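One structure below.
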Amino acid sequence: MKVRRRTTWRNHTGNQHCDPLRICVPESLEDLVGLVKEAAEQGHTLRAVGSHHSWSDATLTGGYLVEPTGLNRPLELEPELLTEAARSKKLVRVEAGMRVRELNAHLDRNGLALSQMGGYDGQTVAGVISTATHGSGVSFGPLSDFARSLELVAGDGAVYRIEAAGGPTDPAAFEQRYPDRRLVKDDHWFRAAKVGIGCLGIIYAVTLEVELEYWLEEVRTPSTWTQVKKDLHRGEVLEGHRHYEVYVNPHPSGGDHTCMVTTREKTSTAARRAPDRRRNSIPEFLAWFPLTPVIANLLVGLRPSIAPWLLDRALAALADESYVSASYKVFNIGTANLVPAYSSEIGVPVDDADTHIEAVERIFRVAAKHRELGDVYHTSPVALRFVAASDSYMAMQEGRTTMMIELIQMTRTDGGFELLAAYEDELYGIHGRPHWGQFNTLAGGRERIASLYPRYDDWLDVRGRLQASPIFDGPFTKRVGISSEGA
Ligand SMILES: Cc1cc2nc3c(=O)[nH]c(=O)nc-3n(C[C@H](O)[C@H](O)[C@H](O)COP(=O)(O)OP(=O)(O)OC[C@H]3O[C@@H](n4cnc5c(N)ncnc54)[C@H](O)[C@@H]3O)c2cc1C
Numbered sequence: 001m002k003v004r005r006r007t008t009w010r011n012h013t014g015n016q017h018c019d020p021l022r023i024c025v026p027e028s029l030e031d032l033v034g035l036v037k038e039a040a041e042q043g044h045t046l047r048a049v050g051s052h053h054s055w056s057d058a059t060l061t062g063g064y065l066v067e068p069t070g071l072n073r074p075l076e077l078e079p080e081l082l083t084e085a086a087r088s089k090k091l092v093r094v095e096a097g098m099r100v101r102e103l104n105a106h107l108d109r110n111g112l113a114l115s116q117m118g119g120y121d122g123q124t125v126a127g128v129i130s131t132a133t134h135g136s137g138v139s140f141g142p143l144s145d146f147a148r149s150l151e152l153v154a155g156d157g158a159v160y161r162i163e164a165a166g167g168p169t170d171p172a173a174f175e176q177r178y179p180d181r182r183l184v185k186d187d188h189w190f191r192a193a194k195v196g197i198g199c200l201g202i203i204y205a206v207t208l209e210v211e212l213e214y215w216l217e218e219v220r221t222p223s224t225w226t227q228v229k230k231d232l233h234r235g236e237v238l239e240g241h242r243h244y245e246v247y248v249n250p251h252p253s254g255g256d257h258t259c260m261v262t263t264r265e266k267t268s269t270a271a272r273r274a275p276d277r278r279r280n281s282i283p284e285f286l287a288w289f290p291l292t293p294v295i296a297n298l299l300v301g302l303r304p305s306i307a308p309w310l311l312d313r314a315l316a317a318l319a320d321e322s323y324v325s326a327s328y329k330v331f332n333i334g335t336a337n338l339v340p341a342y343s344s345e346i347g348v349p350v351d352d353a354d355t356h357i358e359a360v361e362r363i364f365r366v367a368a369k370h371r372e373l374g375d376v377y378h379t380s381p382v383a384l385r386f387v388a389a390s391d392s393y394m395a396m397q398e399g400r401t402t403m404m405i406e407l408i409q410m411t412r413t414d415g416g417f418e419l420l421a422a423y424e425d426e427l428y429g430i431h432g433r434p435h436w437g438q439f440n441t442l443a444g445g446r447e448r449i450a451s452l453y454p455r456y457d458d459w460l461d462v463r464g465r466l467q468a469s470p471i472f473d474g475p476f477t478k479r480v481g482i483s484s485e486g487a
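Anchor point for the sequence shown: position 356 equals 356 in our numbering, and the numbering is continuous, going up by one each time.
Next up, the structure:
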């Protein structure tokens with residue numbers, strides 16, 4: 001196992017950093033167990049990281065930091081350990097540090113595919129599961145909901161396999177093969193462990209349910225907030241498309257707000273043979289030109305009032321009649337992910353009271369106030385994505401169909417973090433919940449968290465069983481108020 005000392009760790013965007021005691025790179029489950037036992041014995045804290053893509057402080061530690069780059073291999077499914085029912089399912093088992101893009105390549109080689117994913121593939125499997133990372137489409141929960149079994153190392157170094165009561169592992173066969181590991185088949189445990197934000201153990205491996213490979217057709221249609229609002233109020237657009245999402249300019253132009261609606265549907269095999277059905281190449285080309293995002297960033301820094309115009313142009317450039325490709329290529333929003341930016345994301349309920357519509361209009365009002373009073377401009381389109389209710393206790397989508405509102409800012413945005421904090425305050429007032437991996441300022445301890453996440457106490461119950469000492473605590477748990485001592 002490689003160990004680095006006196007090394008500053010930084011996240012992907014560079015807005016978070018820490019100086020851990022050690023950065024450790026385990027290469028096997030045995031390495032991981034040894035590491036957790038050593039940290040526990042010496043009374044140090046320890047946190048796992050994925051591929052550093054969280055904008056929040058969720059990964060930071062002053063203790064041991066566990067890098068997953070040596071734990072990124074596909075694993076044998078071990079069919080002899082599966083129940084009869086599980087053998088007929090499409091399951092795949094991989095080490096937790098595998099990136100989503102490596103997982104997609106592995107699935108593609110085997111004629112399989114994820115049913116859903118976010119707009120990017122650079123994160124690790126454990127990273128996306130631990131923060132309830134999601135895509136868009138009301139029939140699909142966050143990625144944590146596709147996990148069927150988690151293998152993790154608890155705070156005392158014990159190795160657990162945790163899954164739902166109807167999970168894929170046969171207890172007798174497992175006990176015989178792994179007498180030194182603990183199999184827990186229990187809905188309560190599994191709902192807590194899936195979205196653990198690094199606080200319930202170090203995930204070593206994940207078994208995911210996937211499906212046969214398929215292709216998607218994506219269409220991007222220009223629209224206005226007036227139209228999108230009507231569509232969201234009626235609601236058929238959400239059920240009527242496999243995937244439906246909206247980008248909206250938070251600044252008005254001509255009395256309305258420019259929108260771009262993206263839909264994705266499964267295509268027939270015939271569509272695969274159509275010759276030129278590629279994604280609109282203009283934004284792709286612009287984002288690849290190395291200076292373009294930097295120039296846009298500089299321009300906004302020098303003349304913030306250009307932002308509303310730039311956003312309208314950027315949205316217009318996204319229009320596309322048809323892009324057809326393998327599902328995982330269409331889910332990925334492409335080079336837009338390379339723009340230097342940071343982001344908050346808040347989940348609000350989609351309900352008959354139109355809370356989700358009210359949320360967007362609150363954002364418009366906050367953006368207008370900051371623009372008019374402080375000359376502060378929101379510098380990217382706002383993304384609205386729709387996710388099915390999740391059973392993971394700490395998922396932003398727990399117990400309710402959710403609209404996730406992604407509030408992206410270019411890195412040079414003056415007053416950008418303050419603007420994001422103002423949106424957060426506004427949205428917490430209407431049952432908003434922050435994405436754990438994205439920038440957020442949530443604080444306030446047990447009562448506050450429980451008011452946003454009704455299953456928080458259930459999550460704490462399982463955490464207490466997996467972590468007897470505060471070994472997985474860190475700056476994030478202290479800030480949010482979920483450290484073991486404060487729980
Ligand atoms: C360009 C970009 C695009 C994004 N797109 C989306 C999107 O489309 N949808 C969306 O919902 N989010 C999106 N995000 C947010 C991102 O998916 C989450 O922040 C995700 O958690 C990052 O995964 P990671 O592998 O980088 O993990 P990290 O950010 O390194 O860690 C995230 C959390 O997972 C925990 N963790 C990591 N590995 C383990 C392990 N082995 N065991 C236990 N805990 C672990 C960490 O402790 C931490 O709490 C995006 C972020 C970026 C930068």
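We put the CB at the ideal spot given by N, CA and C, even for glycine.
Just so it is clear, the structure is predicted and the values come from calculations on it, not from any experiment.
- Judged by the Cβ position, H53 qualifies as a neighbour of ligand 1 at the 6 angstroms threshold, a heavy atom of the ligand being closer than this.
- For V125, the uninterrupted alpha helix (DSSP H) segment begins and ends at V125 to S130.
- Boundaries of the alpha helix (DSSP H) around F331: S327 to F331.
- Between S144 and V195, the C-beta spacing is below 7 angstroms.
- For A367, the enclosing alpha helix (DSSP H) starts and ends at T355 to G374.
- In the DSSP assignment, S253 falls outside any alpha helix (DSSP H) and carries neither an H nor an E.
- Under the DSSP assignment, P308 falls outside any beta strand (DSSP E), being part of the alpha helix (DSSP H) whose first and last residues are A307 to A317.
- Taking 6 angstroms as the cut-off, the C-beta of Y160 does not count as close to any heavy atom of ligand 1.
- The alpha-carbon separation between V366 and A58 amounts to approximately 26 angstroms.
- Taken atom to atom, the span from the alpha-carbon of L21 to that of Q397 is near 35 angstroms.
- Bridge pairing for V219: T263 [DSSP].
- Taken from the Cβ of H431, every heavy atom of ligand 1 lies 6 angstroms or farther away.
- Within its own chain, the residues whose Cβ lies closer than 6 angstroms to the Cβ of H370, once the five positions on either side in sequence are excluded, are V376 and L419, listed in chain order.
- With a cut-off of 6 angstroms, the C-beta of Q397 is classified as distant from ligand 1, since no heavy atom of the ligand falls inside that distance.
- For F386, no alpha helix (DSSP H) run applies; the uninterrupted beta strand (DSSP E) run containing it begins and ends at V382 to V387, by DSSP.
- Around the Cβ of W309, a 10 Å sphere holds fewer than 16 other Cβ atoms; the residue is exposed.
- The way I'd put it, the region 456-475 doesn't touch the region 407-426; fewer than three beta-carbon pairs between them come closer than 8 angstroms.
- Taking the Cβ of V49 as the reference point, at least one heavy atom of ligand 1 falls within a distance shorter than 6 angstroms.
- According to DSSP, S390 shares a beta bridge with E398.
- Taking N280 as the centre and dropping the five residues before and after it, the same chain places the C-beta of D320 closer than 6 angstroms to its C-beta, in chain order.
- Within 6 angstroms of the C-beta of G137 there is not a single heavy atom belonging to ligand 1.
- When the beta-carbon positions are compared, G347 and T402 come within less than 7 angstroms of each other.
- For I202, the shortest separation between its Cβ and any heavy atom of ligand 1 lies below 6 angstroms.
- For A205, there is no enclosing alpha helix (DSSP H); the residue is found in the beta strand (DSSP E) stretching over I202 to E209.
- In the DSSP assignment, the residues bridged to P74 are V94.
- Of the candidates A86, A40, R5 and W215, the residue whose Cα lies closest to the Cα of T267 is W215.
- Around the beta carbon of Q409, 16 or more other beta carbons sit within 10 angstroms, so the residue counts as buried.
- Per the coordinates, the alpha-carbon of D256 lies some 46 angstroms from the alpha-carbon of D473.
- Collapsing the DSSP output to three states places P283 in a helix.
- Annotation for I471 indicates a beta carbon at 6 angstroms or more from all heavy atoms of ligand 1.
- The closest CA to that of T292, considering only R465, S223 and A336, is found on A336.
- In the assembly as shown, E361 is an exposed residue. Its beta-carbon has fewer than 16 other beta-carbons within 10 Å.
- Distances taken from the Cβ of Y120 to the heavy atoms of ligand 1 include one shorter than 6 angstroms.
- Residue pairing of Q467 in beta bridges, as defined by DSSP: absent, with no partner found.
- Between the alpha carbons of G301 and G111 lies a distance of about 46 angstroms.
- One thing to note: V128 has its Cβ no nearer than 7 angstroms to the Cβ of A96.
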